[in-house]
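Novice: Structure below; questions to follow.
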Amino acid sequence: MDLLADLEARGLVADATDRVALRARLAEGSIAVYHGCDPTADSLHVGNLIGLLVLRRFQDAGHRPIALAGGATGMVGDPSGRSDERNLLDVATLAANVAAISVQISRILGDSGGWELVDNLTWTGGLTVLEFLREVGKHVTVNQMVARESVKTRMAGEHGISFTEFSYMLLQANDYRWLHDHRDCELQVGGSDQWGNILGGVDLVRRTRGATVHGLAWPLLTAPDGTKLGKSTGARVWLDPARTSPYQLFQHFMAVDDRQLRSFLAIFTLLAVDEVDAVAAAHAEAPGRRDGQRRLARESVRTRMAGEHGISFTEFS
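This note's numbering puts the first residue of the sequence shown at 1394, with every later residue one more than the last.
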């Protein structure tokens, strides 16, 4: 099974710019792939684990992951999935958040090299307004921007959307162009709520560099009742063990609904797809024992706490 087929089998491909071309490019050899996280808090949450594990899957397949911490885009705020504007964080808080999430990213991708952490403040911080308008804004129409679902939703809402958040998609598109120029990056991955932003980057690289690059998005996770993951309880599950303990993370995954077990095993663990299916099938024979959830919880805690020693699961179960 090739990497793209593996991602498809895990339910991690909702959209792709061109699956045939992407599969062919992956077969040719190593590719640089990036995924970004904005440092809106001093910890990433369990939803971010999906993207980091996608990077890890590319890494394990011999590709070159780039984890992007949005020190610049975090100053602006992504309007996707929000009905109101985020409070702007100060520079010192954002810098501290970038440092904190960098540790969490390193736990997932390891300390053996083969991947890179970048901060888009590095190249965005010195960009002048005139440079931004000429090098980025010139190549994107307002028609394209207002057609984005996140923008349409906000414009129709009570609070509207500020120019600050409206410009977010251009900053993210410029990230892709910079990474293409300086890191030979050819693929951006993200959740389906980022699909419009991903396409914006693909289009900017094509228009300004005449190059073909790719985008891939996974579906947003929902509860069995259709609510967005985490929205039904209002509780955030953090990757920082100081905010969500290993025990709490374990219990979070132990509570996964049987109907979602196979999907969560495929997405939140590094188990091979065949083993995922075997665990899910065995669980279906005796769901009351919750052996499937227990395996999911243990694998997820191990992944988040990589590099930590002395973790015992005896008290958890």
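We put the beta carbon where it would ideally sit given N, CA and C, even for glycine. Please read all numbers here as calculations on a predicted model, not as lab measurements.
Could you check how far apart the C-beta atoms of Ala1407 and Pro1612 are, in whole angstroms? I think they sit under 8 Å.
Specialist: If you number the sequence shown from 1, residue 1407 lands on position 14. If you number the sequence shown from 1, residue 1612 lands on position 219. That belief holds up - the Cβ atoms of Ala1407 and Pro1612 are roughly 4 Å apart, short of 8 Å.
Novice: Among Gly1589, Ala1434, Ser1423, Asp1574, which residue has its Cα nearest to the Cα of Thr1601?
Specialist: If you number the sequence shown from 1, residue 1601 lands on position 208. Answer by Cα proximity: Asp1574.
Novice: Are Ala1690 and Gln1644 touching if we call contact CB-CB under 9 Å?
Specialist: Sequence index remark: in the sequence shown, residue 1690 carries index 297 (1-based). Sequence index remark: in the sequence shown, residue 1644 carries index 251 (1-based). Contact: yes.
Novice: Pull up the distance between the alpha-carbon of Val1544 and that of Val1469, whole angstroms please.
Specialist: What you label residue 1544 is simply residue 151 of the sequence shown in a count that begins at 1. What you label residue 1469 is simply residue 76 of the sequence shown in a count that begins at 1. The alpha-carbon atoms of Val1544 and Val1469 are separated by roughly 15 Å.
Novice: What did DSSP end up calling Glu1551 once you bin it into helix, strand or coil?
Specialist: Here residue 1551 refers to the residue found at position 158 when the sequence shown is read from its first residue. Here Glu1551 sits in coil by DSSP.
Novice: Spatial neighbours of Glu1542 within its chain, please: C-beta separation below 6 Å, excluding the five flanking residues on both sides.
Specialist: Stepping through the sequence shown from its first residue, residue 1542 is reached at position 149. So the list is empty, once near-sequence residues are dropped.
Novice: Express the C-alpha separation of Pro1472 and Gly1608 in angstroms, rounding to a whole number.
Specialist: The count along the sequence shown starts at 1 and reaches residue 1608 at position 215. The count along the sequence shown starts at 1 and reaches residue 1472 at position 79. Rounded to the nearest angstrom, the two C-alpha atoms are 20 Å apart.
Novice: The alpha helix (DSSP H) that contains His1575, what's its start and end?
Specialist: Indexing the sequence shown from 1 puts residue 1575 at position 182. 1561-1576 is the span of the alpha helix (DSSP H), which, as asked, contains His1575.
Novice: Among the candidates Thr1615, Arg1547, Gly1455, whose CA atom is the shortest distance from the CA of Ile1424?
Specialist: Along the sequence shown, one-based indexing puts residue 1424 at 31. Comparing Cα-Cα distances from Ile1424 to each of Thr1615, Arg1547, Gly1455, the minimum goes to Gly1455.
Novice: When you compare each of Pro1617, Glu1678, Leu1572 to Ile1459 by their alpha carbons, which one comes out closest?
Specialist: The sequence position of residue 1459 within the sequence shown is 66, counting from 1. Comparing Cα positions, the closest option is Leu1572.
Novice: According to DSSP, Pro1458 sits in a beta bridge with which residue or residues?
Specialist: As a working note, residue 1458 is residue 65 in the sequence shown. Note: Pro1458 sits in a beta bridge opposite Val1426.
Novice: Helix or strand or just coil, what does DSSP make of Leu1481?
Specialist: Here residue 1481 refers to the residue found at position 88 of the sequence shown. Leu1481 falls in the coil class under three-state DSSP.
Novice: What does a CB cutoff of less than 6 Å around Asp1435 pick up in its chain, not counting 5 residues either side in sequence?
Specialist: In the sequence shown, the residue the question calls residue 1435 occupies position 42. Only Asn1490, Ala1493 meet the Cβ criterion.
Novice: Quick check on Ala1610: does DSSP put it in helix, strand or coil?
Specialist: One-based indexing of the sequence shown puts residue 1610 at position 217. In the structure shown, Ala1610 sits in a strand (DSSP, three-state: E or B).
Novice: At the level of alpha carbons, what is the spacing between Gly1530 and Ser1495?
Specialist: In the sequence shown, residue 1530 corresponds to position 137, counting from 1. In the sequence shown, residue 1495 corresponds to position 102, counting from 1. If I take the Cα positions, the gap works out to 30 Å.
Novice: For Thr1615, which three-state DSSP category applies?
Specialist: Against the sequence shown, residue 1615 aligns to sequence position 222. Note: Thr1615 maps to strand in three-state DSSP.
Novice: Are the region 1575-1583 and the region 1427-1434 touching, with three or more C-beta to C-beta distances below 8 Å?
Specialist: In short, these stretches touch, since the Cβ pair count reaches three.
Novice: Spatial neighbours of Met1562 within its chain, please: C-beta separation below 6 Å, excluding the five flanking residues on both sides.
Specialist: For the purposes of this step, residue 1562 is taken as residue 169 along the sequence shown, with counting starting at 1. Contacts found: Asn1590, Gly1593.
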